[in-house]
Amino acid sequence: MDPVRKTAYLALVVAVFQVIASHGAHAGQLERLRVDSLGTVLLLVGPVAILATRRFPITSLAATLVATCVFMALGYPYGPVFLSPVILLFKTLAEGRRKVAWIASAITAAYFLVYSTWLVDRPAAGAWHVLAIVAVMLLILAAGEVARFRREGRAEHARVAEEESRRQASEERLTMAQELHDVLAHNISLIHVQASTALHLLDDDPSQARPALTTIKAASKEVLGELRSVLNVLRDGAPRSPTAGLDRVGELIERSGMDVSLRQVGSRPLPSQVERAAYRIVQESLTNAARHAPGAKVNVRLEYLPAELVITVDDTGPTTPAVLSEEGSGNGIPGMRERASALGGTLVAGPTGTGFQVEARLPLPEETE
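Next up, the structure:
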């Protein structure tokens with residue numbers, strides 16, 4: 001229900017109850033005055049204050065307490081008139097205005113004690129009467145403190161949930177950026193290498209340029225497909241993680257345009273984040289081999305151990321002069337190392353003999369039967 005409408009219903013119920021019940025209370029308090037027009041106006045101050053409490057919380061509380069004290073001082077019946085002050089004291093404390101609520105409660109309790117002890121014709125003396133008034137006020141304040149604590153707890157929970165949602169969204173954006181970088185870097189580097197090779201061979205041996213152009217066609221089609229896959233996470237209802245995995249390594253090797261052999265030792269299901277990281281590490285390693293070791297033979301080894309996945313990519317070194325003049329962005333190996341580190345693994349890359357080797361070790365969870 002809308003909060004404004006809910007407050008209006010509450011004010012209406014309180015107004016009807018206080019007016020009708022106060023007339024009935026006179027039957028048991030014949031020594032008190034019957035509720036007349038002035039008494040009715042004083043009884044309606046509290047409900048009106050409930051309506052205004054959202055905009056004027058302190059003023060509404062003060063007006064209600066003053067009207068209640070005046071109602072008592074004029075000799076009208078006890079009982080129903082206390083409903084509005086109880087509600088407003090509770091709301092004031094529950095909404096976090098602790099100092100105002102406690103001060104107002106202390107002043108009101110002091111007035112009740114003074115009034116009931118010295119200002120009425122038949123004073124209600126005795127410690128039990130004093131304790132009863134104090135106990136009622138403390139009960140109201142305790143209930144308000146509990147409500148305030150729960151309200152603040154819900155607000156804190158909502159704040160933490162919102163921060164966690166923002167953090168997850170930020171991590172997803174970073175993941176998407178990294179995926180886009182890897183997809184573009186690999187495929188555009190491959191296109192660049194093959195285009196340079198085709199241009200180099202076009203005049204001397206045009207027939208040898210056909211495989212390079214075929215690779216360019218396949219790589220350009222692949223990059224468009226992978227871009228759609230990564231960007232689909234922005235659409236409602238789309239998968240929340242990119243689809244690259246080790247089941248597509250064979251396709252990756254076929255598109256590379258290089259002499260690549262793949263060996264797989266063992267097999268087991270892998271977590272999606274490990275699948276994605278392993279695929280990107282192989283992809284980036286092939287990109288580096290195509291860029292820096294044209295004509296090399298590349299070996300890819302995937303070894304599934306009980307506690308880790310070992311990925312090894314090595315090449316035999318360039319057999320033909322490099323056709324690229326660019327050195328690249330220099331982010332390939334650091335990017336692979338970041339992927340491995342994010343999963344608690346390690347990655348070592350460096351020269352080996354005449355070639356280059358990348359070895360990544362990604363930890364795996366224990367297998368459950």
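Number 177 in the UniProt record's numbering belongs to position 177 of the sequence shown; there are no gaps in the numbering.
All C-beta atoms, glycine included, are put in the ideal place defined by N, C-alpha and C.
Computed from a predicted structure; not experimentally measured.
What are the partner residues of residue 303, as DSSP defines its beta bridges?
-> According to DSSP, residue 303 bridges with 265 and 310.
Output the distance between the C-alpha atoms of residue 139 and residue 15, rounded to the nearest integer angstrom.
-> 23 angstroms
Among 207, 194, 200 and 202, which one has its Cα closest to the Cα of residue 218?
-> 194
Distance between residue 90 and residue 105 (C-alpha atoms, nearest Å) = 10 angstroms
Classify residue 293 as helix, strand or coil using the three-state DSSP reduction.
-> Three-state result, residue 293: coil.
What is the C-beta distance between residue 85 and residue 53, in whole angstroms, given that I count them as a contact (C-beta under 8 angstroms)?
-> No, residue 85 and residue 53 are not in contact; Cβ-Cβ is about 12 angstroms, not under 8 angstroms.
Relative to the alpha-carbon of residue 382, which residue among 107, 22 and 37 has its alpha-carbon at the smallest distance?
-> Because the chain in this structure spans residues 1 to 369, residue 382 falls outside the shown range and cannot be described.
Closest residue to residue 441 among 168, 68 and 317 (Cα-Cα distance) | In the structure as shown, the chain begins at 1 and stops at 369. Residue 441 is therefore absent and cannot be evaluated.
Does DSSP classify residue 326 as helix, strand or coil?
-> Low confidence applies here, because residue 326 scores a pLDDT of 45, under 50, leaving its location unreliable; read the following figure in that light. Coil, per DSSP.
Which stretch, first to last residue, makes up the alpha helix (DSSP H) that contains residue 98?
-> 98–114
How many angstroms separate the CA atom of residue 345 from the CA atom of residue 167?
-> 23 angstroms
Quick one: Cα of residue 150 to Cα of residue 93, how far?
-> Approximately 12 angstroms between the Cα atoms of the pair.
How far does the alpha helix (DSSP H) with residue 251 in it reach, from first residue to last?
-> 249–256
Just the C-alpha distance for residue 249 and residue 261, rounded to the nearest angstrom, thanks.
-> Rounded to the nearest angstrom, the two C-alpha atoms are 11 angstroms apart.
Three or more C-beta pairs closer than 8 angstroms, one from the segment 301–318 and one from the segment 352–366: is that the case here?
-> Taking one beta carbon from each stretch, the segment 301–318 and the segment 352–366 have 3 or more pairs nearer than 8 angstroms; the two touch.
Local conformation of residue 361 per DSSP, three classes | strand
Could you tell me if residue 68 is buried or exposed, where buried requires 16 or more neighbouring beta carbons within 10 angstroms of its beta carbon?
-> Flag for residue 68 reads buried.
Cβ shell of residue 75 (< 7 angstroms), same chain only, five flanking positions each side left out | 32 and 33
Member of 190, 203 and 30 whose CA lies at the smallest distance from the CA of residue 221 | Residue 190 is the option with its Cα nearest to residue 221.
List the endpoints of the continuous alpha helix (DSSP H) containing residue 77.
-> Run containing residue 77: none; DSSP gives neither H nor E here.
Identify whether residue 298 lies in helix, strand or coil by the three-state DSSP scheme.
-> strand
Selection from 154, 5 and 302 that minimises the alpha carbon distance to residue 264 = 302
Meets three-Cβ-pair contact criterion under 8 angstroms: the segment 333–345 and the segment 281–290 = yes
For residue 113 versus residue 87, is the C-beta distance shorter than 8 angstroms?
-> no
Please report the Cβ distance between residue 290 and residue 258, rounded to the nearest whole angstrom; I am assuming they are in contact, meaning their Cβ atoms lie under 8 angstroms.
-> 6 angstroms
Confirm, please, whether the CB-CB distance from residue 71 to residue 42 is below 8 angstroms.
-> yes
If you drop the 5 nearest sequence neighbours on each side, which residues of the same chain put their C-beta closer than 8 angstroms to that of residue 308?
-> 345, 361, 362, 363 and 364
Measure the Cβ-Cβ separation of residue 117 and residue 51 and say whether it is below 8 angstroms.
-> The answer is no: Cβ separation not under 8 angstroms.
C-beta contact flag for residue 310 and residue 253 at 8 angstroms = no
N- and C-terminal bounds of the beta strand (DSSP E) containing residue 352 = Looking at the DSSP string, the run of the beta strand (DSSP E) that includes residue 352 is 346–352.
Under the rule that 16 or more other beta-carbon atoms within 10 Å means buried, what is residue 276, buried or exposed?
-> Buried: at least 16 other Cβ atoms inside 10 Å.
How long is the line joining the alpha carbons of residue 270 and residue 366, rounded to whole angstroms?
-> Answer to the nearest angstrom: the Cα atoms are 11 angstroms apart.
Starting from the Cα of residue 40, find the closest Cα among 280, 81, 202 and 165 and give me that residue.
-> 81
Looking only at C-alpha atoms, which of 212, 174 and 224 sits nearest to residue 335?
-> 174
Taking DSSP as the reference, what is the three-state secondary structure of residue 28?
-> Helix at residue 28.
What first and last residue would you give for the alpha helix (DSSP H) that runs through residue 48?
-> 37–52
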